[in-house]
Ligand code: PPS
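In this note's numbering, the protein residues as written are 524 to 822.
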């Protein structure tokens, strides 16, 4: 991988401002809003595969699993470049779009977009998309710490403040509720595999198999074990290609918290107060009642 590409992404991310704008009512970083026309008119190719998620739902984990499945378990190949280079994050930076447009097929691409903002090309091409969803309490906590560490996102203030922003959907990429419900409904109309982070923690082997089947890859048990091992939290935490340690502190300040922070189900219990939890449950029950979706907040 050309180190200049990494340098270019880093430079671009370093120059990002944390100003917020909106796209069709969804809060989004101003720098994304400015590039929106280009992002939205992105052209898919036959054979593209996408990983989609609300932020902090296990995207990086899933993208590493998918990359390894596509590389048929070849760990050396999976180490060819940092995850944000080998799997371009479409809406995040101009350089990512450039990389995506020039990389050979089959491409694996990442988006955090709510379903209504997905570039239409993916529906036209009937692109396979793996959507990862995580329970909102752990998502909130993970997103809070990420805001403290990611210098391109606005300062979240104290958790009390971020709690209300998250619950009312006034954070980048918008409402968690709208996101998971929108994608859940879309899965019946498109080639979408909907995967839960909690299921991945509970039985990663089972979930990796599901993804393999979805991607029509018939890999041996030996390869599956290799993928399992390479994508464990412990392995990924020390893998510089996925733990974002190649980014300078001016972009990701991991002295505040690591990108691979805890990787657990239920860390919200160490962060949310009793009254916040009650408030959260009230809102959750209201918003999710008729969704047909069920999230586990503990295992
Ligand atoms: S991002 O920035 O939105 O793309 O973040 P994302 O990758 O979606 O989510 C980051 C959280 O996923 C955890 N993670 C993992 N958990 C278990 N196993 C593995 N292998 C793994 N890899 C990443 C990561 O630690 C973040 O969660 P928290 O709760 O903050 O630890």
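In this text, a Cβ means the ideal position worked out from N, Cα and C, and glycines have one as well.
Treat the numbers as computed from the prediction; the structure is a model and nothing was measured.
Starting from residue i, trace the beta strand (DSSP E) both ways and give me its first and last residue.
{"i": "residue 651", "result": "651-656"}
{"i": "residue 779", "result": "Here residue 779 belongs to no beta strand (DSSP E), and DSSP marks it neither H nor E."}
{"i": "residue 551", "result": "549-552"}
{"i": "residue 574", "result": "572-576"}
{"i": "residue 545", "result": "543-546"}
{"i": "residue 632", "result": "631-634"}
For a test of the three-state rule: what should DSSP assign to residue i, helix, strand or coil?
{"i": "residue 719", "result": "strand"}
{"i": "residue 726", "result": "coil"}
{"i": "residue 742", "result": "coil"}
{"i": "residue 806", "result": "helix"}
{"i": "residue 612", "result": "strand"}
{"i": "residue 626", "result": "coil"}
{"i": "residue 705", "result": "helix"}
{"i": "residue 673", "result": "strand"}
{"i": "residue 685", "result": "helix"}
{"i": "residue 775", "result": "strand"}
{"i": "residue 680", "result": "coil"}
{"i": "residue 617", "result": "helix"}
{"i": "residue 712", "result": "coil"}
{"i": "residue 817", "result": "coil"}
{"i": "residue 769", "result": "coil"}
{"i": "residue 605", "result": "coil"}
{"i": "residue 661", "result": "helix"}
{"i": "residue 640", "result": "helix"}
{"i": "residue 568", "result": "coil"}
{"i": "residue 749", "result": "helix"}
{"i": "residue 735", "result": "helix"}
{"i": "residue 466", "result": "Limits of the chain in this structure are 524 at one end and 822 at the other, which puts residue 466 out of reach."}
{"i": "residue 540", "result": "coil"}
{"i": "residue 698", "result": "coil"}
Can you tell which of the options has the C-alpha that lies nearest to the C-alpha of residue i?
{"i": "residue 738", "options": "693, 639, 560, 572", "result": "572"}
{"i": "residue 744", "options": "728, 566, 754, 756", "result": "728"}
{"i": "residue 651", "options": "536, 548, 734, 802", "result": "734"}
{"i": "residue 608", "options": "665, 818, 590", "result": "590"}
{"i": "residue 755", "options": "767, 779, 726, 768", "result": "726"}
{"i": "residue 582", "options": "546, 665, 548", "result": "665"}
{"i": "residue 623", "options": "596, 657, 561", "result": "561"}
{"i": "residue 765", "options": "556, 587, 554", "result": "587"}
{"i": "residue 817", "options": "780, 759, 793, 722", "result": "722"}
{"i": "residue 617", "options": "529, 577, 631, 580", "result": "529"}
{"i": "residue 839", "options": "660, 531, 555", "result": "Any property of residue 839 remains undetermined from this structure, which presents the chain solely from 524 to 822."}
{"i": "residue 658", "options": "730, 703, 642", "result": "703"}
{"i": "residue 811", "options": "790, 701, 741, 791", "result": "701"}
{"i": "residue 557", "options": "546, 584, 761, 663", "result": "546"}
{"i": "residue 712", "options": "809, 574, 800, 645", "result": "645"}
{"i": "residue 637", "options": "543, 578, 660", "result": "578"}
{"i": "residue 736", "options": "802, 576, 595", "result": "595"}
{"i": "residue 763", "options": "749, 685, 783", "result": "783"}
{"i": "residue 685", "options": "597, 710, 803", "result": "803"}
{"i": "residue 806", "options": "788, 796, 633, 687", "result": "687"}
{"i": "residue 566", "options": "532, 538, 615, 641", "result": "641"}
{"i": "residue 660", "options": "801, 815, 813, 814", "result": "801"}
{"i": "residue 639", "options": "569, 681, 707", "result": "707"}
{"i": "residue 792", "options": "768, 820, 809", "result": "820"}
{"i": "residue 778", "options": "768, 786, 787", "result": "768"}
{"i": "residue 785", "options": "679, 724, 575", "result": "724"}
{"i": "residue 709", "options": "815, 678, 758", "result": "815"}
{"i": "residue 544", "options": "750, 592, 753, 676", "result": "676"}
Residue range of the alpha helix (DSSP H) that residue i falls in?
{"i": "residue 601", "result": "598-601"}
{"i": "residue 647", "result": "644-647"}
{"i": "residue 693", "result": "It is not in any alpha helix (DSSP H) - residue 693 carries neither H nor E in the DSSP assignment."}
{"i": "residue 534", "result": "526-537"}
{"i": "residue 560", "result": "559-563"}
{"i": "residue 759", "result": "756-760"}
{"i": "residue 791", "result": "No alpha helix (DSSP H) holds residue 791; DSSP gives it neither H nor E."}
{"i": "residue 586", "result": "582-593"}
Query raised in the report: At a cut of 8 Å, does the region 601-616 reach the region 662-672 through at least three beta carbon pairs?
Result: No: the two stretches stay apart, fewer than three of their Cβ pairs being nearer than 8 Å.
Query raised in the report: Between the region 771-786 and the region 613-631, do three or more beta carbon pairs fall short of 8 Å?
Result: Contact between the region 771-786 and the region 613-631 is absent, because fewer than three Cβ pairs lie under 8 Å.
Requested in this report: Inspect the CB distances between the region 636-649 and the region 672-687 and report whether three or more fall short of 8 Å.
Outcome: By the Cβ rule, the region 636-649 does not count as touching the region 672-687, because fewer than three pairs are nearer than 8 Å.
Report task. Give a yes or no on contact between the region 680-695 and the region 544-552, applying the rule of three or more CB pairs nearer than 8 Å. Result -> Judged by pairs of C-beta atoms under 8 Å, the region 680-695 touches the region 544-552, as three or more such pairs exist.
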